[in-house]
Structures are given as C-alpha cells and as structure tokens.
Amino acid sequence: MEYPTEKEREKIEKSFEIIGKKVPQFEKIPKAVGCPECNHTGYKGRIGIYEFFLVDEEMEIFILKQPSIEEMRKKAIEKGMIPMYQDGILKVLEGITTIEEVERVAESPFYF
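Everything in the sequence shown is counted per my numbering, starting at 1 for the first residue and increasing by one.
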C-alpha cells in the first residue's frame, strides 16, 4: 500500500462525485508489486467488477420513452446503480486491486 498521487486522489474523489456518494476515509491504496508467484505482474487470481441495475416499473416506463444512453445512465445512477468504474474504485479502497488495473478493464468516466 502506498499514498496515492494527487492524480489518483482526484480520480477517486471524482468517481464518488459522479454517483453522489461521500468518499470513504482512506490514506493509502494498493500498488502492483511483482513476485515469482504472480509472474511479476503484481496480480494473482481474478476479482470481478460489476455494473448491475434492476429495472423496476418506473425505469421500464422511462425506457419506453426511448431516452438517450446518457439520460438512461444518469437515471440508473439516480436510482442507485454503481457504474463499473466506480465499483472498481470501491475495490481499490478495499485494498483488493489497483487504479491501474481498474482503468485497464473499465472505461473511465472522465479523462485526465
């Protein structure tokens, strides 16, 4: 675990801002460090990051109005969906993975 760079801290804070949640307290985040057991990648095994949303009646009616993808995504987040990138950032703060790995597998909602 290492102290995050200013850029990493900003990514974490903006990720929570997008979903309207408060950033949990954190000091350090994981950094990939290789060893013979992980073939010098810093990673071993797999963990999923997910984006899941249950469509209720209100959302079904909203979808029937044929909103844009951006409008649908915004509505889903308002109703509690955690986007894939943000789920990955939550796992970074839990010490499970790194920001680099999240950005490798999930599209960032912002660009630096």
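Cβ coordinates follow ideal geometry from the N, Cα and C atoms, glycine included.
Alpha-carbon spacing of residue i relative to residue j, whole angstroms
i, j, result
"residue 25", "residue 60", "36 Å"
"residue 37", "residue 44", "8 Å"
"residue 105", "residue 90", "14 Å"
"residue 16", "residue 40", "31 Å"
"residue 1", "residue 22", "22 Å"
"residue 93", "residue 33", "17 Å"
"residue 107", "residue 68", "19 Å"
"residue 99", "residue 55", "29 Å"
"residue 42", "residue 35", "7 Å"
"residue 102", "residue 46", "12 Å"
Where the alpha helix (DSSP H) containing residue i begins and where it ends
i, result
"residue 14", "6-18"
"residue 90", "84-93"
"residue 69", "69-78"
"residue 61", "57-64"
DSSP three-state assignment for residue i, whether helix, strand or coil
i, result
"residue 29", "strand"
"residue 107", "coil"
"residue 51", "coil"
Whether residue i touches residue j by CB criterion (9 Å)
i, j, result
"residue 95", "residue 30", "yes"
"residue 115", "residue 97", "Since the first residue of the chain shown is 1 and the last is 112, residue 115 is not available in this structure."
"residue 53", "residue 81", "yes"
"residue 87", "residue 57", "no"
"residue 14", "residue 109", "yes"
Residue-level contact to chain C via CB, residue i, 9 Å cutoff
i, result
"residue 77", "Here there is only one protein chain, and chain C is not present."
### Query
So, do the region 64-78 and the region 1-13 have three or more beta carbon pairs nearer to each other than 8 Å?
no
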